[in-house]
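Quick note, our numbering runs 4 ahead of the 1-based positions in the sequence shown. Glycine is no exception: its CB is placed at the ideal position from the N, C-alpha and C atoms.
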Amino acid sequence: MEFWQTLQTMLGSPLMQRALVIAVLVGVAAPVMGTYLVQRRLALLGDGIGHIALTGVAMGWLAGSAAGLATHDVLAVPGAVVAAVVGAILIEVVRERGRTSADVALALLFYGGIAGGVLLIGVAGGTSANLTGYLFGSIATVTGLDVWLSVGLAAVILGVGLGLRPALFALCHDEEFARASGLPARALNILVAVLAALTVSVSMRVVGVLLVSAIMIVPVAVAQLLTHSFRTTMALAMGIGAAVSVAGLAITYYQPLSPGATIVVLAIGVYALAAAAAPLLGRRRTARAAVS
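Here's what the structure looks like:
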């Protein structure tokens, strides 16, 4: 009885309602992009973009401070979106032209993003402590504006990620074949980079930029253990992402834990269970095939 009363109280809280909306959006949208990144062997791209998004957060603070806004961080998320998109496009251009390897470009984003964020937040009159919520996620500070931004960004990610799935799959599976088939490979590569940047921006409030790649990649890794079809992998990853995001958020309502860390630990726990169960499932499938 007490559990149901607590559950009703949680669902009746405007803060938790906003948090649940964003958690579901993140859980569903992030694995869509993660599926393409895993296929392209760019699982750590989200980390690099996340770090440069931190510079965008600080730029938003600086713009809010210069404009004399009462709440300096009101432009933090829009700033992160702009910085993440620009950074993602730059790394794709660098990768395509071959002036430096992709891992070096990612390293530049890692280090430059954090350093730029810390410096700019100081110029804006804040401290590095103001970036903590963006580093590790801070669902308690989610505003109505954050919710609407997340809804819009998630709609773009899902619309493009699902609507262009055949073309994006061809690109990620074999880029040379995609070019030979007449697909605009360069435009699609930039599109994937931009979508990854938008995914980081959506996920930042829930899991933080330091853990953003986990919610993009771990559900996909779980789905790959249990399925073989690209379409089924994406669908299952979306379900797993939504489930662990909502479950992690619910746990943090009862216990004073970090939502981002809790969600990621749950996802890794699901991966461990799937890794243990996958051989058993494989044997059963083999046995059924032999009987039939």
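Practice task
Tell whether a beta-carbon distance below 8 Å holds between methionine 63 and tyrosine 138.
Solution key: Within the sequence shown, residue 63 is the residue found at index 59, counting from 1. Within the sequence shown, residue 138 is the residue found at index 134, counting from 1. Contact: no.
Problem - Length of the line joining the Cα atoms of valine 196 and serine 205 - result: Here residue 196 corresponds to residue number 192 of the sequence shown, with the count starting at 1. Here residue 205 corresponds to residue number 201 of the sequence shown, with the count starting at 1. Near 14 Å, if we compare the C-alpha coordinates of serine 205 and valine 196.
Handout entry: glycine 68 in three-state terms, based on DSSP
Key = As a first step, residue 68 is located in the sequence shown; it is residue number 64 there, counting from the start. Looking at glycine 68 - three-state DSSP - the assignment turns out to be helix.
Practice task
Alpha carbon to alpha carbon, how far is isoleucine 267 from glycine 163? Give it in angstroms, no decimals.
Solution key: Within the sequence shown, the letter at position 159 stands for residue 163. Within the sequence shown, the letter at position 263 stands for residue 267. Computed Cα separation, rounded: 25 Å.
Handout entry: Top-ranked residue by Cα proximity to glycine 167, from Met37, Leu29, Ile26
Key = Position 163 of the sequence shown, counting from 1, holds the residue named residue 167. Ranking Met37, Leu29, Ile26 by Cα distance to glycine 167 puts Met37 first.
Handout entry: CA nearest to the CA of leucine 270, picked from Thr39, Val226, Leu135
Key = Taking the sequence shown and counting its residues from 1, one reaches residue 270 at position 266. Ranking Thr39, Val226, Leu135 by Cα distance to leucine 270 puts Val226 first.
Exercise for the section: Following the continuous alpha helix (DSSP H) through serine 154, name the residue where it begins and the one where it ends. Expected result: The residue given as residue 154 occupies position 150 in the sequence shown. It spans 148-167 - the alpha helix (DSSP H) in which serine 154 sits, taken as one unbroken run.
Problem - valine 224 and threonine 236 closer than 8 Å at C-beta - result: For the purposes of this step, residue 224 is taken as residue 220 along the sequence shown, with counting starting at 1. For the purposes of this step, residue 236 is taken as residue 232 along the sequence shown, with counting starting at 1. Result no, Cβ atoms of valine 224 and threonine 236 do not sit closer than 8 Å.
Exercise for the section: Look at alanine 57 and valine 213 and say whether their C-beta atoms are less than 8 Å apart. Expected result: For the purposes of this step, residue 57 is taken as the residue at position 53 of the sequence shown. For the purposes of this step, residue 213 is taken as the residue at position 209 of the sequence shown. Here alanine 57 is near valine 213, since their CB atoms are less than 8 Å apart.
Handout entry: Span separating the alpha-carbon of alanine 87 from that of isoleucine 118
Key = On the sequence shown, residue 87 is found 83 positions in, with the first residue counted as 1. On the sequence shown, residue 118 is found 114 positions in, with the first residue counted as 1. So the alpha carbons of these two residues sit roughly 12 Å apart.
Exercise for the section: Identify whether glutamine 259 lies in helix, strand or coil by the three-state DSSP scheme. Expected result: Locating residue 259 in the sequence shown gives position 255, counting from the first residue. Note: glutamine 259 maps to coil in three-state DSSP.
Exercise for the section: Specify, as a first and last residue, the run of the alpha helix (DSSP H) that glycine 186 falls within. Expected result: The residue given as residue 186 occupies position 182 in the sequence shown. Note, glycine 186: premise wrong, no alpha helix (DSSP H); not H, not E.
Exercise for the section: Identify the continuous alpha helix (DSSP H) that holds arginine 22 and give its terminal residues. Expected result: Translated into the one-based positions of the sequence shown, residue 22 becomes position 18. Here the alpha helix (DSSP H) through arginine 22 covers 18-43.
Problem - Buried versus exposed call for glycine 245 [16 or more other C-beta atoms within 10 Å across all chains shown] - result: Position 241 of the sequence shown, counted from the start, is the residue given in the question as residue 245. Buried, because 16 or more other Cβ atoms sit within 10 Å of the Cβ of glycine 245.
Problem - DSSP-derived helix/strand/coil call for alanine 47 - result: Numbered from 1 along the sequence shown, position 43 holds the residue referred to as residue 47. Reduced to three states, the DSSP call for alanine 47 is coil.
Problem - valine 213 (DSSP reduced to helix, strand or coil) - result: In the sequence shown, counting from the first residue as 1, residue 213 sits at position 209. Valine 213: coil per DSSP, three-state reduction.
Problem - Residue environment, glutamine 43, which counts as buried when at least 16 other CB atoms sit within 10 Å - result: What you label residue 43 is simply residue 39 of the sequence shown in a count that begins at 1. Classification of glutamine 43: buried, given that the 10 Å Cβ count is 16 or more.
Handout entry: Rounded separation between isoleucine 143 and glycine 16 - CA only
Key = Stepping through the sequence shown from its first residue, residue 143 is reached at position 139. Stepping through the sequence shown from its first residue, residue 16 is reached at position 12. Their backbone Cα atoms lie some 16 Å apart in a straight line.
Problem - Outcome for alanine 189 when other beta-carbon atoms lying within 10 angstroms are tallied against a minimum of 16 - result: One-based indexing of the sequence shown puts residue 189 at position 185. Classification of alanine 189: buried, given that the 10 Å Cβ count is 16 or more.
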